[in-house]
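Peer 1:
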Amino acid sequence: MASLINEAAASSSSSSPPLSPTDDQNHYRHQVFLSFRGDTRFNFTDHLYNALCDRGIETFRDADKLRRGEEISPALLKAIEESRVSIVVFSQNYASSRWCLDELVKILACRQSKGQEVKPVFYKVDPSDVRHQKGAFGDAFATLGGRYGDSMDKWKAALKETANLFGWHLKDDDI
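Right, dumping it as structure tokens:
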């Protein structure tokens with residue numbers, strides 16, 4: 226985890242002076258945005274969040290839990306846009322949440338349009354399982370079924386793209 230925190234710190238540092246978010250697309254309100262599923266909220270993600278904050282890294286972590294049927298808030302989408310780096314914590318249940326998957330699509334859109342860095346963490350899941358939606362990760366994704374039509378294809382593409390990025394693979398014996 227130390228290497229993850231050190232790289233996040235290096236990625237989030239800026240040589241440019243602070244500006245207001247509307248003055249320059251290179252200025253970010255948050256150095257890091259954490260995308261994660263609730264199954265890691267009170268363990269790995271909490272430790273990561275606290276370690277980043279302890280290093281003085283301005284980190285956004287959504288404290289609100291969305292209820293079934295609710296949409297991602299505009300404030301959450303804005304937080305993604307205003308972040309220099311997004312760390313995506315893929316866990317076994319990440320793909321069972323349409324909100325996590327919608328966040329991921331937004332994160333990748335910001336990567337494309339703003340050059341946002343995206344760092345995946347494969348927490349107790351294999352990157353190949355994320356890439357191909359197989360194993361326990363694939364089972365979680367399958368719970369969404371065909372209920373979301375075209376979104377399923379966008380989500381699959383986003384999972385594949387992110388799984389192909391350099392990141393960290395944390396297994397049980399690493400934690």
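Quick note, the sequence shown lines up with residues 226 to 400 if you use our numbering.
Backbone N, C-alpha and C fix where the C-beta goes; we use that ideal spot for every residue, glycine too.
If you reduce the DSSP assignment to three classes, tell me which class Leu-291 lands in.
Peer 2: Confidence in Leu-291 is poor, its pLDDT being 48 and thus under 50, which makes the residue's placement too unreliable to answer from.
Peer 1: With a 10 Å radius around its C-beta and 16 neighbouring C-beta atoms as the bar for buried, classify Gly-265 as buried or exposed.
Peer 2: Reading off the sequence, residue 265 comes out as Thr, not Gly. Under this definition Thr-265 is a buried residue.
Peer 1: Can you name the residues that DSSP bridges to His-255?
Peer 2: According to DSSP, His-255 bridges with Ser-308.
Peer 1: With C-beta atoms as the reference, is Ala-320 less than 8 Å away from Gln-358?
Peer 2: A contact, by the Cβ cut-off of 8 Å.
Peer 1: What residues are listed by DSSP as bridge partners for Lys-344?
Peer 2: In the DSSP output, where bridge partners are listed per residue, Lys-344 has Ile-312.
Peer 1: If you run the structure through DSSP and keep just helix, strand and coil, what is Leu-333?
Peer 2: Helix at Leu-333.
Peer 1: Rounded to the nearest angstrom, what separates Lys-344 and Phe-315 at their Cα positions?
Peer 2: Each residue's Cα considered, the two are about 11 Å apart.
Peer 1: What does a CB cutoff of less than 8 Å around Pro-246 pick up in its chain, not counting 5 residues either side in sequence?
Peer 2: Here the model assigns Pro-246 a pLDDT of 37, short of 50, so the residue's position is not dependable and the matter cannot be decided.
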